[in-house]
Structure formats: structure tokens, C-alpha cells
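A.B. asks: My questions all concern the structure below.
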Amino acid sequence: DTAVSQTPKYLVTQMGNDKSIKCEQNLGHDTMYWYKQDSKKFLKIMFSYNNKELIINETVPNRFSPKSPDKAHLNLHINSLELGDSAVYFCASSHGGRTYYEQYFGPGTRLTVT
Amino acid sequence: AQKITQTQPGMFVQEKEAVTLDCTYDTSDQSYGLFWYKQPSSGEMIFLIYQGSYDEQNATEGRYSLNFQKARKSANLVISASQLGDSAMYFCAMRPRGTGNQFYFGTGTSLTVIP
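Residue numbers (our numbering), protein chains in the order written: chain A, 1 to 114; chain B, 1 to 115.
So this is what it looks like as C-alpha cells:
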């Protein structure tokens with residue numbers, strides 16, 4: 001049973017296109033996250049979301065938008081893709097509120113923009 | 001400000017030796033959690049170990065232990081008896097209570113185990 005799943009695993013697209021990455025967790029967590037990992041392996045938080053609050057990293061371009069149809073899903077939609085968007089995107093989830101809950105990560109989606 | 005610092009971009013260790021990966025943090029919160037994750041070349045993020053700010057004992061999980069020095073704000077990961085499969089990126093992370101559900105990650109340390 002996959003705890004946090006992402007689709008697709010690989011995504012190759014051209015500049016200017018719009019694409020979505022789906023994320024689902026079956027852990028019953030109430031908080032989900034999106035991270036971007038660049039070629040230097042730096043992990044950058046993009047969004048965190050629970051059923052009450054969306055926190056957006058202010059450095060994230062507004063071409064990126066999270067969409068949550070329900071508590072178990074947090075999809076990432078990207079408009080007008082740019083070359084610099086090429087990276088690995090990780091979805092993660094956690095129980096909210098307590099500092100001792102770790103994050104569970106999905107397998108990552110490698111996005112390549114040509 | 002919340003910050004995690006990993007000053008070792010790359011480390012090498014001989015197989016079967018122990019290695020310490022450094023992590024320092026900065027937070028004004030009194031309550032926080034500290035975590036280490038491993039990312040092998042296959043790319044997945046694997047949770048290794050957790051230490052709470054109020055825990056008096058250092059956390060241990062198998063060959064992993066966390067050397068927690070609260071006054072110095074350090075949370076170093078110690079891997080004993082290194083194995084070739086330990087070669088990976090290692091990330092230190094912090095979850096301060098005051099920021100709710102936010103995690104702060106360091107820049108990572110690349111560990112290579114030499115046979």
C-alpha cells in the first residue's frame with residue numbers, strides 16, 4: 001500500500017504549456033505539502049495546506065497553484081511552464097499540530113521543460 | 001527566524017566506520033521537533049530519526065543516533081558501522097511548534113561510503 005503517491009513520475013513538456021501533478025495520501029493526514037528540489041538537491045517548500053489554511057511560500061510564482069478536492073488529495077497545477085521550472089517535485093503529508101509528527105514523502109515527479 | 005544549517009556539502013567514510021553529519025538550527029520556539037531524512041540516488045525521501053526538544057535522551061534507531069545538544073542548538077546524525085547502502089543525501093529538518101505545520105530543511109550532506 002503506497003502511503004503518498006504522485007502521478008506522473010516523469011513529465012516532459014514544452015515551454016508555455018500548462019500541466020498538473022496529482023498527489024494522494026492514504027494515511028489520514030490533515031496536512032499536505034509541495035516541495036521543489038532543484039538540481040543541487042535544495043528542497044524548497046512551495047505550499048502547505050490543511051483543511052483550514054493554505055500557506056504559500058511568497059517566492060513561489062503565481063503560475064503555481066495547489067488544488068485540493070478533498071483532504072486526501074493535493075494537486076499542483078502549473079501554468080505557462082518555463083525552463084526554470086524543471087526540477088523534481090515532491091508531495092508530502094503529515095499530521096498537523098504536533099512537532100513530533102514526521103512528514104511522509106511521495107516518490108517525486110521529475111518535470112523537464114524543453 | 002527559523003533556520004537549519006548543514007555545513008558539510010560532502011562527506012566520505014570508510015565502510016564499517018562511524019560518521020557524524022552536522023546540523024545546527026535556529027529557532028525562538030521552545031518546542032520543536034528535529035528530523036533526519038535520507039535520500040538515496042533512487043530519489044525517495046526516507047525518514048530516519050526524530051528528536052523532540054524536550055527529550056532528555058538522545059534518539060536512537062538501529063545504526064542511527066542523534067547527538068542532541070540543545071544549548072548549542074545542534075542535532076548531529078551519527079551513523080555507526082557504515083554500509084555501502086548508506087551512500088546518499090542526508091537532510092536535517094526542524095518543525096517548530098509556533099509555525100504550526102511548517103518544516104524547515106537544511107541544504108543536505110552527500111555521504112559516500114568507500115569500500
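Note that the Cβ used here is the ideal one computed from N, Cα and C, for glycine as well.
Taking the alpha-carbon of His95 (chain A) as reference, which of A:Ser86, A:Thr31, A:Ala3, A:Thr112 has the nearest alpha-carbon?
C.D. replies: A:Thr31
A.B. asks: Chain A beta carbons: is any one of them nearer than 8 Å to that of Gly85 (chain B)?
C.D. replies: no
A.B. asks: Taking all protein chains shown into account, decide if Gly33 (chain B) is buried (16 or more other Cβ within 10 angstroms of its Cβ) or exposed.
C.D. replies: buried
A.B. asks: Within the 8 Å Cβ cut-off, does Phe12 (chain B) reach chain A?
C.D. replies: no
A.B. asks: Compute the Euclidean distance between the alpha carbons of Thr7 (chain A) and Tyr104 (chain A), then round it to the nearest angstrom.
C.D. replies: When only Cα atoms are considered, Thr7 (chain A) and Tyr104 (chain A) end up about 16 Å apart.
A.B. asks: Chain B partners of Tyr10 (chain A), CB-CB under 8 Å?
C.D. replies: In chain order: nothing, as chain B lies at least about 11 Å away.
A.B. asks: Here's a check: name, in chain order, each residue in its chain whose Cβ is nearer than 7 Å to the Cβ of Asn17 (chain A), leaving out the five neighbours to either side.
C.D. replies: Leu81
A.B. asks: Can you say whether Ala71 (chain B) is buried or exposed, counting buried as having 16 or more other CB atoms within 10 angstroms of its CB?
C.D. replies: exposed
A.B. asks: From what residue to what residue does the beta strand (DSSP E) around Met45 (chain B) run?
C.D. replies: Per DSSP, Met45 (chain B) belongs to no beta strand (DSSP E) and is neither H nor E.
A.B. asks: Quick check: what's the CA-CA separation for Leu142 (chain B) versus Asn101 (chain B)?
C.D. replies: Residue numbering for chain B in the displayed model covers 1 to 115; residue 142 (chain B) lies beyond these limits and cannot be assessed.
A.B. asks: Once the 5 residues before and after Ala93 (chain B) are set aside, which same chain residues still bring their CB inside 6 Å of it?
C.D. replies: Phe35, Phe103, Phe105
A.B. asks: Should Asn75 (chain A) and Ile21 (chain A) be called a contact, given that it needs their Cβ atoms to be closer than 8 Å?
C.D. replies: yes
A.B. asks: In the DSSP output, what is Glu58 (chain A) paired with across the bridge?
C.D. replies: None; Glu58 (chain A) has no bridge partner.
A.B. asks: Between B:Val113, B:Thr109, B:Ile114, B:Pro115, which lies nearest to Gln8 (chain B) when the distance is taken from Cα to Cα?
C.D. replies: Ranking the options by Cα distance to Gln8 (chain B), first place goes to B:Thr109.
A.B. asks: Could you check the C-alpha separation between Met89 (chain B) and Asp70 (chain A) for me, to the nearest Å?
C.D. replies: 33 Å
A.B. asks: With DSSP collapsed to three states, give me the class of Gly98 (chain B).
C.D. replies: helix
A.B. asks: Could you give the residue range of the beta strand (DSSP E) that holds Ser65 (chain A)?
C.D. replies: For Ser65 (chain A), the enclosing beta strand (DSSP E) has its first and last residue at 64-67.
A.B. asks: How about Gly43 (chain B) and Pro61 (chain A): do their beta carbons lie closer than 8 Å?
C.D. replies: no
A.B. asks: Rounded to whole angstroms, what is the Cα-Cα separation between Gly62 (chain B) and Asn51 (chain A)?
C.D. replies: Straight-line measurement puts the Cα of Asn51 (chain A) at about 36 Å from the Cα of Gly62 (chain B).
A.B. asks: Would Gln69 (chain B) and Ser53 (chain B) be called neighbours here (beta carbons separated by less than 8 Å)?
C.D. replies: no
A.B. asks: Nearest-angstrom Cα distance between Ser87 (chain B) and Ser86 (chain A)?
C.D. replies: 25 Å
A.B. asks: Just verifying my parser: in three-state terms, what is the DSSP assignment at Leu66 (chain B)?
C.D. replies: strand
A.B. asks: Thinking C-beta only, is Leu111 (chain B) closer than 8 Å to Leu48 (chain B)?
C.D. replies: no
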